[in-house]
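Working notes for the structure below.
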Amino acid sequence: MPVEINAMEDNLDGSSLEEDVLKSKSDNSEECDDLPDDDDEFSDDDEKNNVFENLQSIESKKRKHKMEERSIENILDESQRSRKRKKEGHVSILPPTAEEMTRLRESENLFHSNLFRLQIEEIIKEVKPKQSERKSIKQWLEKFVKFLMNVDESTLLTVESLEDYQVPFCELPKKLKIDFDFLKPASVDVQGSYKAGCCLGPSLVVDVFVTMPRQCLSKTDRFNGLYHFKRAMYLAYLTKLLDGNELLDNDKGLEYCNKFGDPLKSVLLIHPMGRLRRVGVFLHVIPEEGSFKLINLSPDKNNVKTSWWIENTEPAVETPTPHYNNSILEDMVVSKNETLRSEILEGNQNLKDAITLLRVWLRQRQLDKGYGSFDGYITCMLVISLFISRKLNSFMSSYQIVRNVWITLAQTDWSKKGISLCIDSDDVKENLEIFHKYFEVVFLDVTGHCNLTARMSKLTYMQVKQESSLALQCLDNPHMNSFHALFITPMPFIRQYDHIISIKKLKTIQEVSKNSSMENQLDHLGNTTLLATQVVQKLLEHGVGHRLSTLTMKLEPPVCWSVKHTFNYINSITLGMRLNVDTALSVIDKGPEANLPEATEFREFWGDKSELRRFKDGTVCEAVVWANSEVSIARRRLIVKDIVLFLLKKKLHLKESSVIYLADQLEELIKEKSLIPDGFEYGTGEEAGRQIIESYNRLATQIRDLSLPLDISSVQCTSPVFWFCSVFPPLACEKDNRFNDTILTESDKPCLMLKEKLFKAPKYIPPIEVIIKLGLSRNWPEDIEAIRRVKAAFNIQIGKELSEKLNLETQVFPNYVNVAKDGFVFRVSVAYEREVILLKEIKTPDGKKMYRDTTESIKLEKSTVILPKLSGALSGLSQQCIGYGPATCLAKRWLNAQLFNGSLFPDIVADLLMAYIFLLPEPYRVLIQPQAAFLHFLNLLANTNFHLEPIIVSFNNDLKREDILEIETYFRNQRSTIPPLFIATQYDKTGSVWTKQAPLLPVLAWLAKVAAESLLNLESEFFFSGRSLSCKVIFRPPLHIFDVYIWLRPLMCPQRTYKVDFNNEKMPKSIKAPQDKFKIPIVDFDPVQKYISELRDHYGEFALFFHDTYGGNVIGVLLKPSALEKHEFKVSQMNCRKPIVEGDSTYLALNMEALMADFYILGKGLVQVVKLNTKHELRWSI
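In the numbering used here, the protein residues as written are 74 to 1255.
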């Protein structure tokens, strides 16, 4: 118990920056705070987004509950200590009261933890309506119901009176003509989640059911959509009556809404006047009880005739219309179900709270809105079903109820064995079997006639099951904040899947829907979108189902429109696919053996793509080959895309231009654009990285076999390419002949040399760092300088043996040896572990030895001790998660595109942040496609308050709960002294090794803003276009923020080919790979980075310098506020300043002209022009 309490206390440090902002906004808008939400949304998009962002203010309220975070044992111990202190004269502390003791016992017995209980209470309090609002709403509803019930029947409306109002009904092939007279409602009742007490806030929606009199309907109205049309007519009459009423907010007007996503059943949205302007009232029309016989609407009955749908057709056996029948049935039985709900929930607050929590959980996953959603009504009836079956009881806490519901959802399967609220019937099992013949998911209501999940597809239901299983895993995971992952974190559709396919064109959807069978068209009357979705879904399940772990369709939220306008009920079709890592990358689909009957079906489905192939096991089978076996991993990740587009074109005759396919659009930004070895497929760099690793392994074996005075204990590569995180890994080349030797010259040395007059920089070739650790020996000296000399001697010996024995070109330096092998350059360094300790050693005046971190010791420890360990862990992660490497490359490319290069945001920090996303993805899953992981990276930067939240990366779960508590305690206690971004691993529990120098707090703040804008752009505009060009905008930096621009000569930028908008038409497309021994090219030469380094060294006190390492030809200079301040005249402060006289005093001010001239002189030959931003009074061009 003490361990758990410490964990909770570690999390009580207040709210995040975003939460404080949201709280301040809510404090400035009392009306917004006071108005809760319900089952459905009706407000603007901004209001929708703020619904659950306001929940994050929960964290800021934890401090006042800190007393409750202590266990009973701790409180008793403190009571004893308080009595002891009182005797000693200290300030006394009151012992816990009986009520506090009881509450603590309840928390320990009924909730996940004390903190979890506090969070549950706060979130429920946040989303529930206040008592004052409920009172106002009740008064308004009484007036509203009275108005509807007192309609004057002497002034009956006619069809002609509706000329200015549209009837909310979809277009059918055959127009319906009926005679209909409006009569006042038989009854008006307030129902739904508002009445049940389990609605969501902050915007409140109330459901009002208007009962249409029996006289308005005839027994034959159940056929051919007549009931639905009369229902829509009745709703239009109500609209006419209510238009201009003083109870309504006429500024907002009346609106129709397809609340259920069903084109046959719209509702009327009303906005009350006065203080309740943000409250929405949904007006539903239902038939009076007994209008139709329930037996006539059973799922095996037909109520839509083929002869009506298609004229001049011969009589045939009519097929059942279960979904059409159920849409009438749910209106017929709604009163009985609401009565049961009221009886069960009345006086049982824990059930209501549990339902509220489940609805929050569903909404964050976008599963509670749209056609076939797992909405609040189904959630509520599920809890009631478990209560009736005694799987839940009134003594359970809300947490226990929610957990039991998740267990039920995870362990049961309604698609095979449904459940029923009608438990008193003797033929429940038989009844369920009948419904399973016609519905994918079955959950019967209290009457046993209506399927509450009739609209729900199996895909949506399976997604709810998977999310329930993941929720249980989150609760049982001691290494994460499960509450935040389950109830606070939103999950947009685009972030959840590897591949997303969307069809948005109206004509395309109509054409696809025609591929549906006649039975389906009659059953789903008028629902063109659903018919088209089912066609595409079944096609993909057949064609790529074995390559997917999940296939899900996006639930479109309800849409509202003016009652005087027509509305197109056809929505877009969007499907998400989560790839199966074991099968998705296969280049061949193996079918049945050629002599089996299934082979004919296989050939018919795949057509010309199918061919006979003999496999290694000797079988001859039908098969479809999508690529050769040597293609890159990037190409393999897109095989599913090739299959999907092929099927859509072959089976549905859809052109690729009519389909939006999101998968790899961002990957173009990390592909080599110009120089690729002959016959080498680059992809997104994995193949280049693998080639380097293979060469490194051969070199490591050769180094271990060297005859050195000491044994080699380990050889470790520490370059990002080793864990596939080098944005543009070096490629093997015979020599740097990419520029025809115009800037290089041969010599008798083992390396190429630059010519004296340099008019363009050679291609940048980064060295691959390799660390050699030697065995222990007492012969090592204890002097730092002597150790360095011994290491230099080892470098000479290593270079000599590699050159003489292995015929490798080497270049020896005091600190390392450059080795050319297989077209790559490896930089081999010798590490001695005790050198770090000696660098920390300090002798006091009295001769004692002290050990303290120094700048030199920290640098050496990072490169020779911590980085090799981290390198192995990151390499292992990249092998487990194939999307980690390219996703990290995308993140680094974006950071540099925003001009945050390695000096402002170190590359290893990006590696660790992406590792954190992959190791702790909840509530998401680990994906294969790097594009989705990049969205998570942007979300992490945009929505994480790093000042209050430590990043703890636990590789292989090596960090135990005690270790995490230790790190969190250190983070809290030392927050004022540790870096703004705290990243801890099992190799560095202090969390400051990699982030001590950078990134700075202003950099993190600006990155959060840019990341939020980039994420918004990708998830909105890019999602609707799917074009690579539209996503490039987030890789273009906002230059207007800088004070000075230093424009560079393009040819002097050695990495210019990596630029986002680089035009490679004039560059050679391929280079020759090495065949034998070759000279070492110009390595690690980037004049731009050298220039920026000098700028930071000499002018770092005046400005920050921003640059895109990968091809940027402009350096952004941002002056520090301190540089613009006036200083007293002192000779020591004359650098880059000029004297100015104000009155009798002389001050020093920044000399902008001299500063810009220095920039130009320092970069002479490299700098093209230095310009001042036009926001200043003068514009300089030197």
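All residues carry an ideal CB built from backbone N, CA and C; glycine is no exception.
- W1079 counts as buried, since no fewer than 16 other beta carbons sit within 10 angstroms of its beta carbon.
- K1082: member of the alpha helix (DSSP H) spanning L1074 to N1090, first to last residue.
- The three-state reading of DSSP puts R925 in coil, since its state is none of H, G, I, E or B.
- The C-alpha of P1127 lies about 38 angstroms from the C-alpha of L652.
- Residue V1106 holds the alpha-carbon nearest to the alpha-carbon of L1091 among V1106, A605, A1081 and R1129.
- The residues D280, in chain order, have a CB closer than 6 angstroms to that of G265 in the same chain once the five nearest residues on each side in sequence are set aside.
- Secondary structure note for P941: its alpha helix (DSSP H) is the uninterrupted segment L940 to Q953.
- Its Cα nearest to that of V1156, the residue Y837 stands out among I451, L321, Y837 and L349.
- Shown here, A305 sits in a helix according to DSSP, grouped into three states.
- Runs of beta strand (DSSP E) with 3 or more residues, each lying fully within the segment 1182-1244, are found at 1187-1192, 1210-1215 and 1218-1223, listed in chain order.
- Between G1184 and Y1131, the CB-CB gap stays under 8 angstroms.
- Under the three-state reduction of DSSP output, P1053 falls in the coil class, being neither helix nor strand.
- By the neighbour-count criterion, in which 16 or more other beta carbons inside 10 Å mark a residue as buried, R1122 falls on the buried side.
- Look at the beta carbons and you see the segment 311-323 not touching the segment 288-297: under three pairs across the two are nearer than 8 angstroms.
- Taking a C-beta distance under 8 angstroms as the contact criterion, N524 and N399 qualify as a contact pair.
- Distance check between L1197 and each of L1221, S590, T1182 and S1205 places L1221 closest, using alpha-carbon atoms only.
- Taking all protein chains shown into account, G618 has fewer than 16 neighbouring C-beta atoms within 10 Å of its C-beta and is therefore exposed.
- Excluding sequence positions up to five before and after F365, its CB lies within less than 6 angstroms of the CB of R295, all in the same chain and listed in chain order.
- In the structure shown, Q884 adopts extended strand secondary structure according to DSSP, grouped into three states.
- Contact between the segment 669-680 and the segment 639-650 is not established, with fewer than three Cβ pairs separated by less than 8 angstroms.
- DSSP, reduced to helix, strand and coil, places M987 within a helical segment of the structure shown.
- In the three-state reduction of the DSSP assignment, N297 falls in the coil class, being assigned neither a helical nor a strand state.
- Collapsing the DSSP output to three states places H344 in coil.
- The alpha-carbon of V903 is positioned some 16 angstroms away from that of E929.
- Nearest C-alpha to K1163 among H1180, K1152, E614 and F1175: H1180.
- Going by DSSP, T481 is part of the alpha helix (DSSP H) stretching over S471 to Q484.
- Taking 4 residues as the minimum length, the alpha helix (DSSP H) runs contained wholly in the segment 409-471 are 422-437 and 449-461, in order along the chain.
- P1111 sits in coil when the DSSP states are folded into three classes, being neither helix nor strand.
- Non-local beta-carbon contacts of A964 in its own chain, meaning distances under 7 angstroms to residues more than five positions away in sequence, involve A983, M987, F1007 and F1010 in chain order.
- Contact between V1133 and R1109 holds: their C-beta atoms lie close to 7 angstroms from each other, under 8 angstroms.
- A Cβ-Cβ separation of about 6 angstroms places F1175 in contact with K1193 under the 8 angstroms criterion.
- For R862, the uninterrupted alpha helix (DSSP H) segment begins and ends at I857 to L879.
- Here Y989 is buried: its Cβ has 16 or more other Cβ atoms, across all protein chains shown, within 10 Å.
- Counted as a single uninterrupted DSSP element, the stretch harbouring Y1118 is not any alpha helix (DSSP H) but the beta strand (DSSP E) occupying residues V1117 to L1121.
- About 4 angstroms separates the beta carbon of L947 from that of W796, a gap short enough to meet the 8 angstroms contact definition.
- Within the segment 592-639, complete alpha helix (DSSP H) segments of at least 4 residues are found at 601-617, given in chain order.
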